[in-house]
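Residue numbers (my numbering): 26 to 259.
We put the beta carbon where it would ideally sit given N, CA and C, even for glycine.
Heads up: the structure comes next, in structure tokens.
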Ligand code: IPE
Ligand code: IPE
Ligand code: MG
């Protein structure tokens, strides 16, 4: 592709805030769900490309703990799309050795969507290629609160940063090297607020449905141009 990626420095963990589906649809005079559908197509391309370039972990923000504030038909439409995604893509994802994981409390999502998730997790659990984390009913504050309660329940009197990390949905994973947000917004919206302490943030004005592998590579090249210091210096 046109952006010269250094293939020896591909980030291990890429996280994406897939934003702008609604505005994409509005610009076309379509309903918001059309935007979410187009967003799902974009996701398929980015998952494939992540596998191709050797990303180890891809974490995508699909539905936040705050997104329940949206109209009921939009919320149910999004969960229906999840079923469609699994039905249509699971075979290929499995063939490509992708392992699917869910970050967030999916115990309260609609039952038919939960069935699809169970199938996706069971089908891909032994795969050792790209780890695709779908953040679903995910919120960073809820995640940290849950971790604190797990530690209280365990009877711990002294808690370390490692203890907290080990109780997050991302336990055992490296922190995201880069968080990409589409659609021109510059906020985290409660995404990975603990894990993003030293993540590079890359913003693009492109709406999520228009986010192509080429734009993805441009964002990764921008990430590769950053000087990560982690509080130290050379
Ligand atoms: C992101 O697109 C998808 C979800 C939050 C589920 P939006 O639906 O937030 O699109 P905009 O931000 O309204 O354009
Ligand atoms: C963040 O986008 C959540 C997802 C992409 C799933 P939102 O559109 O919900 O975020 P805000 O409301 O603009 O901060
Ligand atoms: Mg949005």
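Span of the alpha helix (DSSP H) holding residue i?
i           : result
residue 232 : That residue, residue 232, is in no alpha helix (DSSP H); it is neither H nor E in DSSP.
residue 72  : 57-78
residue 101 : 97-120
residue 46  : 46-52
Would you mind reading off the limits of the beta strand (DSSP E) that contains residue i?
i           : result
residue 124 : 124-128
residue 41  : 38-42
residue 255 : No beta strand (DSSP E) contains residue 255, which DSSP labels as neither H nor E.
residue 89  : 82-89
Among residues of its own chain, excluding the 5 on either side of residue i, which ones have a beta-carbon nearer than 7 Å to its beta-carbon?
i           : result
residue 244 : 205, 227 and 229
residue 172 : 189, 192 and 193
residue 62  : 106
residue 210 : 44
residue 48  : 208 and 232
residue 263 : This structure gives no information on residue 263, because the portion of the chain shown stretches from 26 to 259.
residue 148 : 115 and 119
residue 37  : 81, 82, 199 and 202
residue 162 : 88, 90, 129, 130, 131, 133 and 134
Could you pull out every residue in the same chain whose Cβ sits closer than 6 Å to the Cβ of residue i, ignoring the five residues on either side in sequence?
i           : result
residue 236 : 67 and 207
residue 51  : none
residue 110 : 65
residue 58  : 102
residue 31  : 249
Can you find the residues in the same chain that come closer than 8 Å, C-beta to C-beta, to residue i, ignoring five residues on each side of it along the sequence?
i           : result
residue 101 : 135
residue 169 : 189, 193, 218 and 219
residue 29  : 246
For residue i and residue j, which I take to be in contact (beta-carbon distance under 8 Å), what is that distance rounded to the nearest angstrom?
i           : j           : result
residue 84  : residue 158 : 4 Å
residue 39  : residue 201 : 7 Å
residue 165 : residue 216 : 6 Å
residue 156 : residue 82  : 5 Å
residue 154 : residue 121 : 6 Å
residue 7   : residue 234 : Shown here, the chain extends from 26 to 259; a query on residue 7 therefore has no answer.
residue 241 : residue 74  : 6 Å
For the segment 64-83 against the segment 38-51, do three or more pairs of beta-carbon atoms, one drawn from each stretch, fall closer than 8 Å, so that the two count as touching?
yes
Considering only residues of the segment 148-222, which uninterrupted alpha helix (DSSP H) runs meet the minimum length of 4 residues and lie entirely inside it, listed in chain order?
Listed in chain order, the complete alpha helix (DSSP H) runs (minimum 4 residues) inside the segment 148-222 are 165-178 and 186-191.
Counting beta carbon pairs with one atom in the segment 247-259 and one in the segment 123-132, are three or more of them shorter than 8 Å?
no
Counting Cβ pairs, one atom from each stretch, are 3 or more of them under 8 Å apart for the segment 106-125 and the segment 171-183?
no
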